[in-house]
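Residue numbers (the UniProt record's numbering): 1 to 223.
The beta carbon of each residue, even a glycine, is placed where N, CA and C say it ideally should be.
Note that the structure is predicted; figures quoted are calculated from it, not measured.
First the structure, in the form of structure tokens, and then the observations on it.
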Amino acid sequence: MRAYSLLAAAAAAVSAPIIAGNPSSDDPSSMPTATLDYTTVQAIAGNATVGYYKYQNIRYAKPPTGALRFAAPEWPDVESGLNTGNLADTDVDCASSEDCLFLDVWAPVGRNLPVLVYNYGGRFKLGSKSVNTPEGLFEVSTDFIYVAYNYRLGLTGVATGPTYQHEGGVSNLALWDATHAFEWVQKYISKFGGNPSDVTAVGFSAGGSQIAFQMTRFGGRAP
């Protein structure tokens with residue numbers, strides 16, 4: 001995985017601004033689907049004219065609630081129905097909802113495309129996968145896939161300490177969520193036409209820290 005510095009990410013944002021909004025949608029029944037080993041997801045927006053499709057609210061981990069509230073992320077259970085992006089609100093975030101470990105994939109029609117993973121900022125207190133979206137980047141080029149994911153924030157995201165750990169809590173869960181999201185990309189992005197061997201991470205503020213932590217965790221010798 002390549003990782004840009006904060007300055008490089010900022011420069012990219014200036015040259016190809018990320019703007020808010022959604023691409024226009026075709027008839028939902030004609031939207032493409034991607035089949036994973038635990039779910040089938042259908043695009044909720046996009047068409048051949050704009051050159052890409054948006055797959056929204058893909059669960060990349062089990063809901064971090066109940067016994068999993070202070071646990072490392074686990075792979076999601078098998079979903080019986082078609083995921084049409086309605087498992088949560090479009091702008092679901094981990095500051096207001098515990099069931100928040102979702103990601104979005106914006107995929108042009110193509111195969112073996114490079115992948116850009118966006119890590120949002122917000123001081124590990126606020127933010128979400130929907131803070132910025134890639135339409136501006138796609139106006140420059142549609143030769144890549146864009147992924148944005150949520151990670152736990154606040155107390156559930158960065159809690160640590162001897163008592164917390166003694167009681168079974170896992171420290172710094174926001175970082176474990178990020179690790180799991182990148183593992184999801186490695187495992188499943190090919191189902192959307194992405195190349196898992198060509199992944200670039202960008203981020204700002206806490207998102208830039210997420211990238212640095214992924215590069216240096218376990219002394220740079222992550223399993």
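Measuring C-alpha to C-alpha distances from Glu98 to each of Glu79, Ala67, Ala107, Ser80 identifies Ala67 as the nearest. In chain order, Val185, Gln186, Ile189, Ser190 place their CB closer than 7 Å to the CB of Pro196, counting only its own chain and leaving out the 5 sequence neighbours on each side. Contact between Leu103 and Lys129 is confirmed by a C-beta separation of about 6 Å, below the 8 Å threshold. Per DSSP, Asp198 is one residue of the beta strand (DSSP E) stretching across 194 to 203. Looking only at Tyr120, Tyr55, Val140, the smallest Cα-Cα distance to Ala107 is reached by Tyr55. Going by DSSP, Gly121 is part of no alpha helix (DSSP H) at all; its letter is neither H nor E. Under the Cβ criterion (8 Å, minimum of three pairs), the stretch 61 to 81 counts as touching the stretch 168 to 178. DSSP assignment within the stretch 47 to 105 yields the following whole beta strand (DSSP E) runs of 3 residues or more, N-terminal first: 52 to 59. Under the three-state reduction of DSSP, Ala43 is assigned to coil, being neither helix nor strand.
Relative to Gly46, the option among Tyr164, Gly157, Pro134, Asp177 whose CA is nearest is Pro134. About 7 Å separates the Cβ atoms of Ile145 and Val105, confirming a contact at the 8 Å cut-off. Tyr151 sits in coil when the DSSP states are folded into three classes, being neither helix nor strand. Residue pairing by DSSP places Ile145 opposite Val115 in a beta bridge.
Following the DSSP letters along the chain, one finds Thr163 inside the alpha helix (DSSP H) bounded by residues 162 to 166. The C-beta distance from Val78 to Ile58 rounds to 14 Å, too long to meet the 8 Å contact threshold. Sequence-distant partners of Thr33 (beyond 5 residues in either direction) whose C-beta falls short of 6 Å from its own C-beta, in its chain, are Thr40, Gln42. Under the 10 Å beta carbon count, Met31 is surrounded by 16 or more other beta carbons and is classified as buried. Counting only residues of its own chain and dropping the five nearest sequence neighbours on each side, Pro76 has a CB closer than 8 Å to the CB of Tyr38, Thr39, Arg59, Tyr60, Ala61, Lys62. Closest in C-alpha terms to Phe192, from the list Thr156, Val147, Ser96, Cys94, comes Val147. Just measuring C-alpha positions, the residue of Ile44, Tyr52, Gly194, Thr35 sitting nearest Glu139 is Tyr52. With distances taken between CA atoms, Gly207 lies nearest to Asn132 out of Leu137, Gly110, Asn132, Ser96.
For Thr133, there is no enclosing alpha helix (DSSP H), as DSSP gives it neither H nor E.
Per DSSP, Ala34 is one residue of the beta strand (DSSP E) stretching across 33 to 35.
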